[in-house]
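Residue numbers for the sequence shown follow the numbering used here, beginning at 139 and rising by one. For every residue, glycine included, the Cβ atom is placed at its ideal position computed from N, Cα and C. Source: prediction; values computed, not measured. Remarks on the structure that follows.
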Amino acid sequence: MNVITSFKEKKREKEIKYERKLLRELSLDKLQRKASETFRFFYPHDQLPAIVEDGCIDMAIEAYLLGASYSRFGYYGESAERVKVRCAKQEQYLADALFEFFCFFSSPHEKDAEILHDTCDCYISYWWLEGFETGKKRWRLKLH
Numbered sequence: 139m140n141v142i143t144s145f146k147e148k149k150r151e152k153e154i155k156y157e158r159k160l161l162r163e164l165s166l167d168k169l170q171r172k173a174s175e176t177f178r179f180f181y182p183h184d185q186l187p188a189i190v191e192d193g194c195i196d197m198a199i200e201a202y203l204l205g206a207s208y209s210r211f212g213y214y215g216e217s218a219e220r221v222k223v224r225c226a227k228q229e230q231y232l233a234d235a236l237f238e239f240f241c242f243f244s245s246p247h248e249k250d251a252e253i254l255h256d257t258c259d260c261y262i263s264y265w266w267l268e269g270f271e272t273g274k275k276r277w278r279l280k281l282h
């Protein structure tokens, strides 16, 4: 007797397997370095608290995986800008969540808040593009 599985379960298993393969190519050192160099100016002594750094890394991983999941469109000829329009809501959600995370741990002034929000947008966009390029490379090499 065979076990019946749904397509949703199979699809989710395949996504998890793909994400694990992608995360093997991403180094924790690179994530920490980028978070530190991007957000250190918003904290005294140019050093991020550990909990804030962890939140930045979590959001970077989410943006990286989001970009990688849309890389298939880039493989089939769409430009990164056009693909980015497809997932603009999800990317903006990540940037807003990161901004709210920062606001929870520190109360930036109005002027600093605008700069911080723009910095969060750039940070998420950077990691989205990294994931997109990595995923596109994996598609070209037939490693998906």
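Other residues of its chain near residue i: CB distance less than 8 Å, five sequence neighbours each side excluded
i: Q228; result: L204
i: P187; result: Y181, F243
i: R278; result: Y213
Check: residue i C-beta below 7 Å from any heavy atom of the ligand ATP
i: L161; result: In terms of ligand content, the structure shown is empty, and the ligand ATP therefore cannot be addressed.
Option in the options with minimal Cα separation from residue i
i: P182; options: I154, P246, A201, E147; result: P246
i: F242; options: V190, L267, A226; result: V190
Same chain, Cβ closer than 6 Å to residue i, neighbours up to 5 away in sequence not counted
i: L236; result: M197, C258
i: E157; result: L203
i: G193; result: F239
i: V221; result: Y208, F211, G212
Short Cβ contact (8 Å threshold) for residue i with residue j
i: Y213; j: W265; result: no
i: L232; j: I262; result: yes
i: S209; j: G273; result: yes
i: F211; j: R224; result: yes
i: F180; j: D250; result: yes
i: I195; j: Q230; result: no
i: A173; j: G269; result: no
Other residues of its chain near residue i: CB distance less than 7 Å, five sequence neighbours each side excluded
i: L254; result: F180, F237, F240, P246
i: L164; result: Y202
i: Q185; result: R178
i: L267; result: G205, A218
Min CB distance residue i to chain B below 8 Å
i: A218; result: Chain labels in this structure do not include chain B; a single protein chain is all it has.
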